[in-house]
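Asks: Numbering (my numbering), first residue to last: 5 to 202.
Dropping a structure here in structure tokens format, bear with me for questions.
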Ligand SMILES: [Zn+2]
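Below is the structure:
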């Protein structure tokens, strides 16, 4: 008897991560024809910046409200500076490790903006975007690394061309973006992913 090669419990069916909470974002469109999903892009986001778990008057997490075009732009002065933006990611991972999916992986989420990875422009066309609740100035949580590693294994299985193509937003848009930031521990993530693969 051999051990199963991959020990994890997350999986993807029909473009959805089975273990994620589903919250549909209107901010997506179709990927270009014949585009293979071939990269995973890691981001951080917090609303207001550097504050975590903040909710609106309806109890809706501000980041989830943003990704579903329901953010009250008057609720905080910072929100006025981004008023009207329409953005999304495929997945959002909160500080406690909870994973929410906002866009089907088969569809094109709006997370990268103008970008280029290994000479291939327009990363939104062919990547999966994962937002971690966080900032450039604070460490991420153990639960976020645990969830992210499991998510990545599930994505590697469902979309084999993403294997070994993990990048940060700052890698694909270096002149515009700094996330996931210097506190994001790539070595730890790769170690945890490799542990799950071994
Ligand atoms: Zn980003």
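Where a beta carbon is used, it is the ideal one built from N, C-alpha and C, also for glycine.
Any idea if residue 57 is buried or exposed, counting beta-carbon neighbours within 10 angstroms, 16 or more meaning buried?
Replies: Counting Cβ neighbours within 10 Å, residue 57 comes out exposed, since fewer than 16 surround it.
Asks: Count the CB pairs spanning the segment 84–91 and the segment 166–174 that are closer than 8 angstroms, and state whether there are at least three.
Replies: No: the two stretches stay apart, fewer than three of their Cβ pairs being nearer than 8 angstroms.
Asks: With hydrogens ignored, establish whether the beta-carbon of residue 183 is closer than 7 angstroms to any heavy atom of ligand 1.
Replies: Yes - ligand 1 has a heavy atom lying nearer than 7 angstroms to the Cβ of residue 183.
Asks: To the nearest angstrom, report how far apart residue 201 and residue 76 are at their CA atoms.
Replies: C-alpha separation (whole angstroms): 42 angstroms.
Asks: Only counting the same chain, and skipping five residues up and downstream in sequence, which positions put a Cβ closer than 7 angstroms to that of residue 34?
Replies: Here the set comprises 111 and 112.
Asks: Are the CB atoms of residue 187 and residue 125 nearer to each other than 8 angstroms?
Replies: Cβ distance not < 8 angstroms, so residue 187 and residue 125 don't count as in contact.
Asks: Between the C-alpha atoms of residue 189 and residue 62, what's the straight-line distance to the nearest angstrom?
Replies: About 34 angstroms.
Asks: Mark residue 7 as exposed unless 16 or more other C-beta atoms lie within 10 angstroms of its C-beta, in which case mark it buried.
Replies: With a pLDDT of only 48 at residue 7, under 50, the local geometry of the prediction cannot be trusted, and the value read off the model is given with reservation. Residue 7 is exposed by the Cβ-count criterion.
Asks: Please classify residue 93: is it buried, with 16 or more other beta-carbons within 10 angstroms of its beta-carbon, or exposed?
Replies: Classification for residue 93: buried.
Asks: Compare the C-alpha of residue 138 against each of 39, 48 and 191 and name the closest.
Replies: For the residues 39, 48 and 191, the minimum Cα distance to residue 138 belongs to 48.
Asks: For the beta strand (DSSP E) that contains residue 136, what are its first and last residues?
Replies: Residues 131–137.
Asks: Should residue 47 be listed as close to ligand 1, given that the test is whether its C-beta is under 7 angstroms from any heavy atom?
Replies: Checking every heavy atom of ligand 1 against the Cβ of residue 47, one is found closer than 7 angstroms.
Asks: Strictly by DSSP, which residues pair up with residue 32?
Replies: In DSSP, residue 32 forms a bridge with 113.
Asks: How about residue 121 and residue 44: do their beta carbons lie closer than 8 angstroms?
Replies: No, these two residues do not count as a Cβ contact at 8 angstroms.
Asks: Roughly how many whole angstroms lie between the Cα atoms of residue 81 and residue 140?
Replies: One C-alpha to the other measures close to 20 angstroms.
Asks: Which of helix, strand or coil does DSSP assign to residue 9?
Replies: Residue confidence for residue 9 is low, a pLDDT of 46 falling below 50, so the modelled location carries little weight; the figure read from the coordinates is stated next. Here residue 9 sits in coil by DSSP.
Asks: Helix, strand or coil, according to DSSP, for residue 83 in the structure here?
Replies: Helix at residue 83.
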